[in-house]
Amino acid sequence: ASASGSACTFRWLPWALGDGSKGQFRLCSAPMTSSMLEPNTPLLRRFTQLEEVTTVVERSETQTRRLDELLPELPGGGVDYLKLDVQGYEHAVLRGAQRVLQGVLVLHTEVEFVEMYERQPLFAEVDQLLRQEGFVFHRFASLHGRPLKPLYYAANMLQPISQQLWADAVYVRDMWDLKAHSKEELLKAAMILHEIYHSYDLVHHFLEKYDAGLAKRYLDTMLSGGQVAGAGAPPAGDARQGP
2 ASASGSACTF RWLPWALGDG SKGQFRLCSA PMTSSMLEPN TPLLRRFTQL
52 EEVTTVVERS ETQTRRLDEL LPELPGGGVD YLKLDVQGYE HAVLRGAQRV
102 LQGVLVLHTE VEFVEMYERQ PLFAEVDQLL RQEGFVFHRF ASLHGRPLKP
152 LYYAANMLQP ISQQLWADAV YVRDMWDLKA HSKEELLKAA MILHEIYHSY
202 DLVHHFLEKY DAGLAKRYLD TMLSGGQVAG AGAPPAGDAR QGP
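For my numbering, add 1 to where a residue sits in the sequence shown, where the first one is 1.
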């Protein structure tokens with residue numbers, strides 16, 4: 002990312018990320034559910050339309066590569082924003098990215114609350130690893146589940162009735178005192194949090210550390226738009242001043 006807001010470019014790299022080990026890649030009936038881990042079919046078949054999309058149709062031996070090993074090949078030599086969605090294999094990718102994580106400002110990763118893939122690390126284990134690396138949990142960007150058979154909602158058979166299964170979790174590095182952030186990193190983090198997550202209060206927190214004048218202008222802009230309210234301003238929109 003560029004703090005100047007210049008145009009981005011995309012580069013697709015044919016790598017299987019992980020902890021550097023060799024394993025078996027499972028291509029599933031719905032490609033988006035394919036994984037280095039085996040689908041937990043006995044559990045998945047308890048839920049509406051999960052077994053059908055996670056049936057393994059092909060297996061292939063695959064050598065994974067650690068993200069740390071690829072750091073010299075990455076544009077700019079580092080990563081500001083990391084997003085992971087590798088079907089239960091996120092913990093392995095993170096274990097292979099400890100040097101990369103030192104420069105990551107905002108991290109978005111899929112997590113599971115039950116073993117949708119056999120012997121996969123769950124949310125608690127991913128959260129523990131990221132906290133050890135200096136990240137603070139910010140929010141769930143999305144939360145997903147499925148109804149347990151045989152019940153389902155007539156209007157939407159995939160909408161969960163009660164059981165949550167997986168989510169997209171957002172983490173921010175050292176979000177409280179911000180002493181380890183350079184000026185450029187403060188601005189980059191603020192841009193990511195504003196543009197992708199609309200985390201206006203946290204953006205203002207970062208901007209206060211970056212430049213008090215810019216933080217004041219940002220606050221005035223947000224208040225004038227009516228989306229949020231603040232101390233001394235009349236309540237408006239979908240956010241309110243706390244106690």
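Idealized CB from N, CA, C, for every residue including glycine. Given the structure is predicted, the values throughout are model-derived calculations rather than measurements.
query	result
As assigned by DSSP and simplified to three states, the class of Q64	strand
Extent of the continuous beta strand (DSSP E) run through H109	107-113
Three-state secondary structure assigned by DSSP to S143	strand
Distance, P161 Cα to Q129 Cα	27 angstroms
Minimum C-alpha distance to H145 - residue among R132, W167, P151, A155	W167
Where E59 sits in the DSSP three-state scheme	strand
Classification of L28 by the beta-carbon crowding that lies within 10 angstroms, buried from 16 upward	exposed
Touch test, the segment 130-142 against the segment 40-55, Cβ-Cβ under 8 angstroms, three pairs minimum	no
For P151, the nearest candidate out of G226, Q50, Y219 (CA to CA)	Q50
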